[in-house]
Amino acid sequence: MKQLRPELVQWYGLFGAALAWCAQLIVGWGVAYADCTAASRHWGLDVVTWEIVLMAVGLTFAVLAEIAAVNVLLATRQLEYDGEPPLGRRLFFAYAAALGNVIFTVAIILNGVGALSNVTCRPA
13 MKQLRPELVQ WYGLFGAALA WCAQLIVGWG VAYADCTAAS RHWGLDVVTW EIVLMAVGLT
73 FAVLAEIAAV NVLLATRQLE YDGEPPLGRR LFFAYAAALG NVIFTVAIIL NGVGALSNVT
133 CRPA
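When we follow my numbering, the leftmost residue of the sequence shown carries the number 13, and every step to the right adds one.
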């Protein structure tokens, strides 16, 4: 099995959960909007199923990003976070990614729960 480059693991750990959350927001909005529009109502989109799938996929990518961040953190734990580049920079980014991924994981869960508990297509 080929090892991934540490830089790629570092950047996925830093941005993976954020991109998963953005994708969940955009696709979820699109599905809810398509369900409420008269022109696309005949498509038969099930918003609940879509939102559950989006939340599960988003959580999967966020957990993988957290694993990547912790992997970089463990690989560079003997260094100082303000040490020589690029390893010191990787340690700094890994700390930021580990915290950010937890925040984005909670955001993905909150977005999914909010979308599931909301009633779409209400008249104004």
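Where is the CB? At the ideal position from N, CA and C, for every residue including glycine.
It should be emphasised that the depicted structure is a prediction, and the values quoted were computed from it without experimental measurement.
Taking the continuous alpha helix (DSSP H) assigned at residue i, which residues delimit it?
i: Pro18; result: Pro18 to Cys48
i: Glu63; result: Val59 to Ala87
i: Asn138; result: The structure shown does not extend to residue 138, since the chain is modelled only from 13 through 136, so no value can be given for it.
For residue i, name the three-state secondary structure that DSSP assigns.
i: Arg134; result: coil
Can you find a heavy atom of the ligand ADP that lies under 7 Å from the Cβ of residue i?
i: Trp55; result: The ligand ADP is absent from the structure shown, which contains no ligands of any kind.
Sufficient close CB pairs (3 or more, under 8 Å) joining the region 75 to 83 to the region 56 to 64: The region 75 to 83 is not in contact with the region 56 to 64.
Are the region 98 to 118 and the region 43 to 55 in contact at 8 Å, needing three or more beta carbon pairs?
Touching, no.
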